[in-house]
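Quick note, the sequence shown lines up with residues 148 to 590 if you use our numbering.
Below is one structure, written out as structure tokens; the observations come after it.
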Amino acid sequence: MKTVIIVGAGPCGLLMAHYLLRRDSKYCVELYDKCPDPRLNPVSTARSYIISLGFRGRAALRELGLESLAIERGTMALGQEIHNSRGVVQSISRKQPRLMIERNVLTNLLLETLTKRYDASRLKIHFKHECISVDLKAKSAVFQSASGYQPCAYDLLIGADGVRSKVRNILHHKTGLEVKLRKSPIEIKVLTVRCPENHPELTLNRDNVHIYYLGAAGFLACGPKPDGTYSTLVGFTRGYNPLANISSASEVLTFFRKYMGDFSQLISPEEVDAFAQKPFFETTTVRCSRYHFGNSVLLVGDAAHGVSAIIGQGCSAALEDGLVFNQLLDEYDDNLTQAIPKYSQRRRPDMIALEQISHSLFPLHAFLVSLMLLKHIVDRTLHRWFPKFWASSLVDMISETTIPYRNILHSHSRWFKTINALNQLILRRGKRSSKPKSMLESA
């Protein structure tokens, strides 16, 4: 029986454990995470956020019989509604619904089912244990906890420890692994909105994601949660953020009222005040020259290929990693010497394509977004009429199929090249705009 150490007990690491442990008695798994056990924190108060799972992420859950359980704990978005400041709504349906689920809820689901299916003879989980070092030759890792240092031998070490991966950094310094980190061009804040009970006219359709444009280079996206509230993402293109230096709740509310009208009442005074005090943050994308070392170390999820949160594919791609590696273990009869290098060879071209897609899929200006929506409608219509001669909408291909990302990038290469060039121009103009602007001038 081979010993597998997984560093990182988020959705990706937990799903990898599910896939390995179901392979009869070929593997025993030890999970380590530096954070506390998420099951000990109430979901309503734990640090969490909504993730969007399309067909790929759901397929990875379905293979393990977990999709239906995830659907029970989340909500299904059938489409999206785009609102403008004049109250005009444009609805866009999806062929396949997207699963909206809080990250902490998904983590707890995967953790609970894992501990129910497998006992301590093959599964050990250690929280509040931080990976300190790895001896690649001896195949041993050292973890630090409140009780001291704990060395652990492994046959396979899996780094599922996110964008700031310790395992990836060790490979970078010890093996020359090339790592490229890049900041997303979108600055983000999150808040929660709630439909007021005494204003039924302000109720939002809970079957859809709702998007409000905040000027030419900003947006607000609301995703429904099972408790009746909406997890909301507010984003602006870097260099065009009118709220970047605003800490006054009244000024923030005035800004939202300008673009959302009466629907700004969905944001409570308490949420507005908390939003005003929080800083904007940027997500980081990750590109690695390979996802393995020898036949004993593997990088998965954000540790290997983090992408912009705006594209809504990060978690789906991370969960799909487990499905792909499981398929390779099937193909090579659990021969790690063959399966591990093949994982880099098979997975990396698609993840490089996904990174390029994540930087170019969404235009950074409202006018270009309108062109994208027009392209989506035209592509979907022409593909329905001429399926053999016209590629489907790139949005449908990304979120509603398992077509390899590299094929999607190739099918819409001209669009991606055009949008990437225009996005870079917009960002350069934002950098050159050194004159500070007031909120009203920026808006």
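Yeah, the Cβ is synthetic: ideal placement off N, Cα and C, and Gly gets one too.
Cβ-based neighbour list, residue i, same chain, cut-off 6 Å, excluding 5 preceding and 5 following
i, result
"Cys159", "Ala307, Val447, Gly448 and Ala465"
"Asp302", "Lys149 and Thr150"
"Gln291", "Glu277 and Ile279"
"Pro221", "Per the sequence shown, residue 221 should be read as Gly rather than Pro. These residues qualify, in order along the chain: Leu246, Met247 and Ile248."
"Ala396", "Val419, Asp420 and Ala423"
"Val281", "Ala288 and Ile317"
"Phe472", "Tyr490"
"Leu208", "Glu214 and Ala217"
"Asp354", "Leu225"
Cβ-based burial, residue i [other Cβ within 10 Å; buried from 16]
i, result
"Leu380", "buried"
"Pro298", "exposed"
"Val568", "The residue asked about is misnamed: residue 568 is Ala in this sequence, not Val. Flag for Ala568 reads exposed."
"Leu521", "exposed"
"Asp497", "buried"
"Arg385", "buried"
"Gln492", "exposed"
"His346", "exposed"
"Ile198", "buried"
"Ala285", "exposed"
"Phe383", "buried"
"His559", "buried"
"Tyr406", "buried"
"Asp480", "exposed"
"Arg561", "exposed"
"Lys372", "buried"
"Asp543", "buried"
"Asn255", "buried"
"Thr430", "buried"
"Gly157", "buried"
Span of the alpha helix (DSSP H), counted from its first residue to its last, around residue i
i, result
"Glu467", "Gly461 to Glu478"
"Arg553", "Tyr552 to Ser558"
"Pro416", "Pro416 to Gln424"
"Arg315", "Lys313 to Thr322"
"Met592", "Nothing can be reported for residue 592: it is not among the residues displayed for the chain, which extend from 148 to 590."
"Ala207", "Phe202 to Arg209"
"Thr350", "Per DSSP, Thr350 belongs to no alpha helix (DSSP H) and is neither H nor E."
Beta-carbon proximity of residue i to residue j, cut-off 8 Å
i, j, result
"Glu467", "Gly204", "yes"
"Pro389", "Gly362", "yes"
"His439", "Leu501", "no"
"Lys313", "Cys369", "no"
"Tyr166", "Gly461", "no"
"Phe427", "Gln503", "no"
"Ile229", "Ile358", "yes"
"Arg341", "Ser415", "yes"
"Thr432", "Arg329", "yes"
"Val444", "Leu283", "yes"
"Leu178", "His273", "yes"
"His320", "Val326", "no"
N-terminal and C-terminal residue of the beta strand (DSSP E) that residue i is part of
i, result
"Ala293", "Neither: Ala293 is in no beta strand (DSSP E) and is coded neither H nor E."
"Leu338", "Val326 to Arg341"
"Gln503", "Note, Gln503: premise wrong, no beta strand (DSSP E); alpha helix (DSSP H) at Leu483 to Ser507."
"Ile393", "Here Ile393 belongs to no beta strand (DSSP E), and DSSP marks it neither H nor E."
"Ala451", "That residue, Ala451, is in no beta strand (DSSP E); its alpha helix (DSSP H) goes Asp449 to His452."
"Leu158", "Note on identity: in this sequence residue 158 is Pro, with Leu being the wrong assignment. No beta strand (DSSP E) holds Pro158; the alpha helix (DSSP H) holding it covers Pro158 to Leu168."
"Leu225", "Thr222 to His230"
"Arg250", "Premise fails: Arg250 lies in the alpha helix (DSSP H), Arg250 to Arg264, not in any beta strand (DSSP E)."
"Lys149", "Lys149 to Val154"
"Ser280", "Glu277 to Asp282"
"Ile305", "Leu303 to Gly306"
"Ile458", "Where Ile458 is concerned, there is no enclosing beta strand (DSSP E), given that its DSSP letter is neither H nor E."
"His185", "The question names His, but residue 185 in the sequence shown is Pro. Looking at the DSSP string, Pro185 is not in any beta strand (DSSP E), and its letter there is neither H nor E."
"Ser436", "Where Ser436 is concerned, there is no enclosing beta strand (DSSP E), given that its DSSP letter is neither H nor E."
Expected contact under 8 Å - CB spacing of residue i and residue j to nearest Å
i, j, result
"Ile201", "Arg245", "Reading the sequence as shown, one finds Gly at residue 201 and not Ile. Between Arg245 and Gly201 the Cβ distance is about 5 Å, and since that is below 8 Å, they are a contact."
"Cys435", "Leu324", "6 Å"
"Ser238", "Gly226", "6 Å"
"Leu161", "Leu257", "4 Å"
"Ile153", "Ile305", "5 Å"
"Ser505", "His523", "About 17 Å separates the two Cβ atoms, so there is no contact after all."
Nonlocal neighbours in the same chain, by C-beta distance under 7 Å from residue i, ignoring five residues either side
i, result
"Gly234", "Gly408"
"Tyr174", "Met148, Lys149, Val151, Leu167 and Leu168"
"Arg194", "Reliability fails at Arg194, whose pLDDT of 45 lies under 50, so the model's placement of it is uncertain and no value is given."
"Arg553", "Pro496, Asp497 and Ala500"
"Ile218", "Leu246"
"Ser463", "Leu200, Gly201, Arg203 and Gly204"
"Gln571", "none"
"Ala590", "Legend: pLDDT at Ala590 = 29, less than 50; position of this residue unreliable, value from coordinates given subsequently. These residues qualify, in order along the chain: Gly362, Pro389, Phe402 and Lys405."
Own chain partners of residue i with C-beta closer than 8 Å, once the 5 adjacent residues on each side are dropped
i, result
"Thr192", "Note on Thr192: pLDDT 39, under 50, position unreliable in the model; the coordinate value appears next. For Thr192, where only same-chain residues beyond five positions count, there are no Cβ hits under 8 Å."
"Ser394", "Ala423 and Gln424"
"Ala450", "Gly155, Gly306, Ala307, Asp308, Gly309, Val310, Ser312, Val314, Arg315 and Val433"
Residue i Cβ short of 7 Å to the ligand ZN heavy atom set
i, result
"Val454", "The ligand content of the structure shown is nil, which means the ligand ZN is not present either."
Chain B within 8 Å of residue i, Cβ atoms only
i, result
"Asp497", "Considering every chain present, this structure includes no chain B. It has just one protein chain."
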